[in-house]
Amino acid sequence: MGRITLQGNPPIDVLVRQSGRARRLSLRVSRLDGRVTLTLPRGVSLDEGRRFAESKSDWIAGNVTARPSEVAVGFGSLLPVEGVHHKIVPGAGRVPRLTEAGLEAPVSGTAGALRAWLVERARARAMARIGGYSAQIGRKPGRLTLRDTRSRWGSCTEAGNIMLSWRLILAPSEVFDYVVAHEVAHLAEMNHSPDFWAAVAAIYPGYAAPRRWLRREGHDLHRYRFD
């Protein structure tokens, strides 16, 4: 339906969407980019939605302010690799590497080199886990693609092609492995039925804890900027 602007210092833009499934007015502040979304049930006017949002303006402002700050990846900053934070320090080589001194990175093109290194590290781990997990359920996976997605951590197509967010390599290893197991389970069940979750449990029995971590902490993986 568009957007409204709540007056304040600074003013806050609110995206407005109408949903036939919604039963009540609701507001959501994205932990990724601070975007504020107002959902209107069918039959509720935009004016009524505006009044609702204005009544919650203090809550909105507080949640927008409480978002984790972004981290510009560079020398001196801390970067998690498989859940362990490492200080980025200058290195002599062209390829980053983990040492006792920290995460050594090239002086030139530091952020880009670290991003490429993380992507390849994610690819290697994903390929190993996909191979092992798919063998457990007797299925053959398709192509693996790594992307920097914001709306989902992974996906699996009918053809068996798996997409993963490379940022998962920043998370604890068990979180990475859970997401891979989740997508591999879709090779057997292209849904989220009880049979699907049984397949996930068969592949990765301890999936509940990393799944909770991803829901609770996953948005922080998008804090790190590599530009």
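In this text, residue positions in the sequence shown follow numbering that gives the first Met the number 0: the first is 0, and each later residue adds one.
Ideal Cβ positions, reconstructed from N, Cα and C, are used throughout, including at glycine.
In this text, all values refer to a predicted model and were calculated from it rather than measured experimentally.
Beta-bridge partners of residue i, as assigned by DSSP
i           : result
glycine 162 : First, the amino acid is wrong: residue 162 is methionine here, not glycine. Thr144 and Ser154.
leucine 77  : Lys86
threonine 4 : Asp12
leucine 113 : None, per the DSSP bridge assignment.
valine 70   : Tyr223
valine 35   : Val13 and Val28
Residue i - DSSP class collapsed to helix/strand/coil
i            : result
leucine 26   : strand
leucine 186  : coil
proline 40   : strand
arginine 96  : strand
serine 133   : helix
alanine 123  : helix
serine 18    : strand
proline 209  : helix
glycine 61   : helix
arginine 138 : coil
arginine 128 : helix
arginine 149 : coil
serine 107   : coil
Endpoints, beta strand (DSSP E) assigned at residue i
i             : result
histidine 221 : Counting along the chain, histidine 221 falls outside any beta strand (DSSP E), and DSSP gives it neither H nor E.
alanine 104   : 101-104
Span of the alpha helix (DSSP H) around residue i
i            : result
aspartate 46 : 45-54
proline 193  : 193-202
Contacting residues, own chain, Cβ-Cβ under 8 angstroms from residue i (five flanking each side not counted)
i           : result
arginine 66 : Val28, Arg30 and Gly33
serine 76   : Val70, Lys86 and Ile87
valine 63   : Ile11, Val28, Gly33 and Val35
Own chain, CB closer than 6 angstroms to residue i, minus 5 neighbours either side, in chain order
i             : result
arginine 222  : Pro67, Glu69 and Val70
alanine 21    : Thr38 and Pro40
proline 209   : Glu173, Val174 and Tyr177
aspartate 12  : Arg2 and Thr4
aspartate 147 : none
arginine 114  : Phe225
Contacting residues, own chain, Cβ-Cβ under 7 angstroms from residue i (five flanking each side not counted)
i              : result
alanine 187    : Ile136, Arg138 and Ala198
valine 106     : Pro89
isoleucine 283 : Beyond the ends of the chain as shown, which are 0 and 226, falls residue 283; an answer cannot be given.
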